[in-house]
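The working numbering numbers the first residue of the sequence shown as 604 and each following residue consecutively.
We put the beta carbon where it would ideally sit given N, CA and C, even for glycine.
None of these values were measured; they are calculated from a predicted model.
Some notes on the structure that comes next.
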Amino acid sequence: MKKAMLTLFIAVLSFGAAYSQTSLAHVNTQRVLDTMQSRKNAVKELDKFEERAIQELQETQRKLQEDYNKLQQEQSSMSPTAFKFEEERLMRKSQEFQQRQQELDQQIRILGEELNKPILDMIQKSVEKVCKMEKIDYVIDETALLYSNGRDITDKVIAEVLKLEAEAQAAATKE
């Protein structure tokens, strides 16, 4: 019995020592993103694309509504067959409009992913570099925390991201 208690006591002490050596920190990725010029440029590009898509859809929708109103006004002067053909034509245009809307939504999503990937990769590299320098085992994003009074490495990650961003800009300028 004494051996079992002694073994349990040693195990608890070992676990406590191992646990105390684990280093944990947190980072505010939104603050990091807000400091990155490449992120600001990506947001602008995505906003421009989205604005053009919205304008295209609004113009198409306006035209469809005008055509539908015109058809309703001319219905009394049209034969039932001609009205049916025009109505079917407008229905096809309406379906094309819905397909185009889905296509543009998908293009916006793909463009957003394409623009954000290098930015997120840069943040990941920066976090990894800071973790290696500071000997940190785990980093948690502040948005996932309910309470935080621990080690905040956000400023160090921002400094690393800005270095990587400057290097990437310099490499792009050389090309």
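Collapsed DSSP secondary structure at residue i in the structure displayed
{"i": "ILE657", "result": "helix"}
{"i": "LEU714", "result": "helix"}
{"i": "ILE802", "result": "With the chain running from 604 to 778 in the structure shown, residue 802 is simply not present."}
Proximal residues to residue i (C-beta, below 8 Å), its chain only, five neighbours per side dropped
{"i": "ASP740", "result": "THR625, SER626, LEU627, CYS734"}
{"i": "LEU649", "result": "ILE711, LEU714, GLY715, LEU718"}
Which listed residue (the options) has its alpha carbon closest to that of residue i
{"i": "LEU767", "options": "ARG712, LYS651, GLY715, ASP724", "result": "ASP724"}
{"i": "ILE657", "options": "GLU677, PRO683, GLN701", "result": "GLN701"}
{"i": "MET694", "options": "ASN752, LEU765, LEU674, GLU745", "result": "LEU674"}
{"i": "TYR671", "options": "GLU653, GLU691, GLY753, GLN661", "result": "GLU691"}
{"i": "GLU662", "options": "PHE688, ARG703, PRO683", "result": "ARG703"}
{"i": "PHE652", "options": "GLN676, ASP708, GLU689, THR684", "result": "ASP708"}
Exposure of residue i, with buried meaning 16 or more beta-carbon neighbours within 10 Å
{"i": "LEU611", "result": "Bear in mind that the predicted position of LEU611 carries a pLDDT of just 40, short of 50, making it unreliable; the figure below should be weighed with that in mind. When all chains shown are included, LEU611 counts as exposed."}
{"i": "ALA774", "result": "exposed"}
{"i": "ALA769", "result": "exposed"}
{"i": "GLU659", "result": "exposed"}
{"i": "ALA771", "result": "exposed"}
{"i": "ALA645", "result": "buried"}
{"i": "GLU669", "result": "exposed"}
{"i": "GLU778", "result": "exposed"}
{"i": "ILE726", "result": "buried"}
{"i": "GLU654", "result": "exposed"}
Cβ neighbours of residue i in the same chain (closer than 7 Å, five flanking residues each side left out)
{"i": "GLU721", "result": "For clarity, residue 721 is Pro in the given sequence; the question names Glu instead. If we look at PRO721 and ignore the five residues flanking it on each side, it has no Cβ neighbours."}
{"i": "ARG642", "result": "LEU636, ILE722"}
{"i": "GLY753", "result": "LEU627, ALA628, HIS629"}
Cutoff 6 Å; reference residue i; Cβ partners in own chain excluding five residues on either side
{"i": "VAL760", "result": "VAL630, VAL635, SER729, VAL730, VAL733"}
{"i": "PHE686", "result": "GLN678"}
{"i": "GLU737", "result": "none"}
request  = Jot down the residue ranges of each uninterrupted beta strand (DSSP E) in the region 624-649, minimum 3 residues, whole runs only, in chain order.
outcome  = 627-630
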